[in-house]
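For the protein sequence lines, the chains are A and B, in the order given.
Using our numbering, you'd call the opening residue of the first sequence number 66 and step up by one each time.
Using our numbering, you'd call the opening residue of the second sequence number 66 and step up by one each time.
Number of protein chains: 2
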Amino acid sequence: MASSRQLTMVNDVFVDHLKVTDRGLAFGDGLFETMRFAAGAIPLLEYHLDRLERGCRTLLIPMSRTLVESSLSRFVEAISDPAPSIIKLIVTRGSGGQGCKPPSMRSSSPSLVWQNQPLTDTAHLSRSGVTLQPCRIPIYSNPHLAGIKHLNRLNYVMAAFDLPDNPEIQGLVSDEKGHILESLHHNLFLVKKNLLMTPLLDGAGVKGVLRRLILERFAPNCGLAVREAALSLDELLLADEVFLTNGVRGIWPVKGLATTRWPSPGPVTARLQSLTEAVFAGGHINKEQI
Amino acid sequence: MASSRQLTMVNDVFVDHLKVTDRGLAFGDGLFETMRFAAGAIPLLEYHLDRLERGCRTLLIPMSRTLVESSLSRFVEAISDPAPSIIKLIVTRGSGGQGCKPPSMRSSSPSLVWQNQPLTDTAHLSRSGVTLQPCRIPIYSNPHLAGIKHLNRLNYVMAAFDLPDNPEIQGLVSDEKGHILESLHHNLFLVKKNLLMTPLLDGAGVKGVLRRLILERFAPNCGLAVREAALSLDELLLADEVFLTNGVRGIWPVKGLATTRWPSPGPVTARLQSLTEAVFAGGHINKEQI
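Spelled out as C-alpha cells, the structure:
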C-alpha cells in the first residue's frame, strides 16, 4: 500500500512527475489549494472547491467539480497514514497553445496534481502566538488576478527571502501603496472593540478559506461587525488584537510587531480559535457548531 | 538516436517530465530562455546566457554559466535533425523550502529543463508584416521582476485570450498606466526620423536579446539615436515605422494598428532586418557583419 509520506498522483496515476511541456511549469498557468486532511476528511473542502472554481472561471480553465471530487476520492483512498496531513492540489491548464497564448477552453485538457505530506505540529504557535516582521519587497497589485490562489508566486518568494528560518516570525506583506495585505502564508485580522477588520484584497493577496468562514459565519454568530477595507500599518498598530488565519493551521494570535505588543490570544481571537478547532475536529463545517 | 521532435532533457537525463515538488511548478519560481538553433549554433547564445544570469541574480537562484553551457552541449549533441529549431531552457530553483519561502541559495539545487521543438516557418511575416491589436488586460507593473524572463506569465496568458488564432495579428500590451510595453512575444520599436524608440521596461515587460543587440550594436552602427522611454499609444501612432523583434523569429514589420498604416517594411526596418539575418545566418554575433 502506498505510504502517505509524499504520496503524489498526477491525472489519476500515482507518479511523482509532470510533463515539462505543462503550462503550469511554463507560465505558472494554473491554481492550487492546500488543505487540512484529518480523520479521513477535509474540514473546509467545499470552500476550497469554491475558491478553485472561482479561480478556474477567472483563468478560463475548464473545471468539472465532480471530476475534481472523484479524483480526490481516488487519492484519499491511497493515503494509509491516519495522522493529520496536508493535501495539496495543483490544477494547470495542461499542455498546448502557442507560446503564452493558451489553447481554447474547449481544447484545454487540465492537469490535476495531488500531493500528500505530513502536517508538522505547530499547535504551540496557536497558544503562544507569532511575531510579524514587515517584508521589504511589496506584493504588487494585479486586480485581475487578486484573491485567487494562482501559481504566479514569485513576488511572495522574493518577499520571503529576508525572513529567518523561524515559524514564530511571520512575514507581513503590503502592496506598493503601503496597504497591509496578509502574511506570506496567512490572512490577517484586526480586532478593534466589537469590529473585525481584514484587508480588502481586491488588488493583491489570497482570499483564504478560513478568512471566508470567519467573515461569513463566525463573526455574525459571535456578534462581531466585519469590515473589509484598505488598511494601513498604523491602523494595524492601533488594534486591540491581531491574528492570522490559515485553512490548514487554523488561527495564530499575533503577539507583536516591532515594539507593539498585543494580548496573545486576546478574547476575540480565543473565541474564534475554539470555533475553528471545533470545525477542524468535526471534519466538516457543522452548522450547529458555528 | 534521439529525434529532434520535442526532445527533452531534465537535469542531464533525457526524460520529458519534472518532479511535481519542483518550485518552478509550485510558484513559477524560475526563468526561461527561448533560443534559435540553426546550423549547429545559437546565434545570440551569449545574450541569452547574460539575461539568464541577470535573472538568476535577481531571483537569488545559484547559477553556474559553465554548468549551463556544458548541459547545453550535451543536449545539442542529441539533436539529430539539421532543420532550424527552437531550444527552450527552463531554470527553476528546484525543490525545497517551506511553502513559498525558498531554501537558502547554498542549499538550492536548481533544475535545468531543455526542450527542442521544430521552428515553424514564419518568414512570410518578415516580408509582409503583422498588424497589432491592443489587448484589453494590462500587464501590471512589478519593478522588482521587470525585464527578466521569469515563469510568472499568467498576466500575459490572460491578455492573449482575446487574440485570434492568426500569427498576422499580434497582441500589443500596455501597463496599468497605459504606457505601451511590447507585443505578447516580441519587443516593440518605433522609428521617428533618425531616432529609434522602444519602451523602457523598468516596470513590466521582457528585455529581449534582439532588442539588446539592436540598441547596443545595430543602432550605433547605423547612425541611429536610441531612446528607451515611457511611450504612449499616441506616440506609437505618430511613428514613421514600427517593428517587432524576437530572438528566435527576427524582425517583423508592423503594417498597421486600427486605422493607422505604416510602410512594411520601412527603410530602417529593412536595414535592421538584413543585419539580423546576417547574424542568424552566421550562427553567432559577428563583429564584422554588424
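Each residue gets a CB set at the ideal place from its N, CA and C atoms; glycine is no exception.
This one's a predicted model, so the numbers in the text were calculated from it and none came from an experiment.
Annotation for serine 150(B): no alpha helix (DSSP H) segment contains it, though the beta strand (DSSP E) segment containing it runs 150 to 157. Here phenylalanine 345(A) carries a helix assignment [DSSP, helix/strand/coil].
Under the 7 angstroms criterion on CB atoms, valine 85(B) is classed as interfacial with respect to chain A. Across the set Ala103(B), Leu289(B), Trp179(B), the C-alpha of Trp179(B) shows the shortest separation from the C-alpha of aspartate 77(B). Around the Cβ of leucine 197(B), a 10 Å sphere holds 16 or more other Cβ atoms; the residue is buried.
Put simply, of Ala346(B), Val344(B), Ser339(B), Ser135(B) the residue whose alpha carbon is nearest the alpha carbon of serine 191(B) is Ser339(B). Taking a C-beta cut-off of 9 angstroms against chain B, the contacting residues of the stretch 85 to 110 of chain A are Val85, Thr86, Asp87, Arg88, Gly89, Leu90, Ala91, Phe92, Gly93, Asp94, Gly95, Phe97, Thr99, listed in chain order. Non-local beta-carbon contacts of lysine 257(A) in its own chain, meaning distances under 8 angstroms to residues more than five positions away in sequence, involve Leu303, Ala304, Asp305 in chain order. Interface flag for asparagine 207(A) against chain B is set, since a Cβ pair is found closer than 7 angstroms. Shown here, phenylalanine 102(B) sits in a strand according to DSSP, grouped into three states. Annotation for leucine 197(B): no alpha helix (DSSP H) segment contains it, though the beta strand (DSSP E) segment containing it runs 195 to 199.
The Cβ-Cβ distance between proline 149(A) and alanine 188(A) does not fall below 7 angstroms. Your pair serine 173(B) and isoleucine 126(B) checks out as a contact, with CB atoms roughly 7 angstroms apart and the cut at 8 angstroms. Valine 313(B) sits close to isoleucine 151(B), with the two beta carbons spaced by under 7 angstroms. Using a CB distance below 9 angstroms, the part of the stretch 223 to 247 of chain A facing chain B consists of Met223, Ala224, Ala225, Phe226, Leu228, Asp230, Pro232, Gly236, Glu241, ordered along the chain. The Cβ atoms of proline 183(B) and glycine 268(B) lie no closer than 7 angstroms to each other. Taking 8 angstroms as the upper bound for CB-CB distance, leucine 337(B) and isoleucine 316(B) are in contact here, some 6 angstroms apart. In its chain, beyond the 5 residues on either side, Cys200, Tyr221, Ala224, Ala225, Leu228, Gln235, Gly236, Val238 have a beta carbon closer than 8 angstroms to the beta carbon of leucine 249(A). Straight-line spacing of the CA atoms in leucine 114(A) and threonine 86(B) works out to 22 angstroms. When the five nearest sequence neighbours on each side are left out, the beta carbons in the same chain lying within less than 6 angstroms of the beta carbon of valine 291(A) are those of Leu261, Leu280, Ala284, in order along the chain. In terms of Cβ geometry, isoleucine 155(B) and asparagine 181(B) do not form a close pair [threshold 7 angstroms].
Counting only the Cα atoms, alanine 343(A) lies some 46 angstroms from aspartate 240(B). In the three-state scheme derived from DSSP, where H, G and I count as helix and E and B as strand, valine 256(A) is classed as strand. Judged by their CB atoms, leucine 216(A) and glycine 120(A) are not nearer to each other than the 7 angstroms cut-off. The beta strand (DSSP E) runs lying completely inside the stretch 185 to 233 of chain A and spanning 3 residues or more are 195 to 199, given in chain order.
Collapsing the DSSP output to three states places valine 313(B) in coil.
Around the beta carbon of methionine 128(A), 16 or more other beta carbons sit within 10 angstroms, so the residue counts as buried.
Linking phenylalanine 79(B) to glutamine 71(B) through their CA atoms gives a straight-line distance of about 11 angstroms.
Proline 108(B) and phenylalanine 308(B) do not touch by the CB rule: their CB atoms are close to 18 angstroms apart, not below 8 angstroms. When Cβ-Cβ separations below 7 angstroms define contact, proline 318(B) makes no contact with chain A. Residues of the stretch 256 to 283 of chain A with a Cβ closer than 7 angstroms to any Cβ of chain B: none. By alpha-carbon distance to proline 328(B), the top candidate from Leu255(B), Asn286(B), Val271(B), Arg277(B) is Leu255(B). As a beta-bridge residue in DSSP terms, threonine 73(A) pairs with Gln180(A). Not one beta carbon of chain B lies nearer than 7 angstroms to the beta carbon of histidine 189(A). Residues of chain B with a Cβ closer than 9 angstroms to the Cβ of glutamine 180(A) are, in chain order, Val85, Thr86. Annotation for methionine 100(A): Ile107, Leu109, Leu110, His113, Ile151, Ile152, Lys153, Leu154, Gly312, Val313 place their beta carbon closer than 8 angstroms to its own, counting only its chain and skipping 5 residues before and after.
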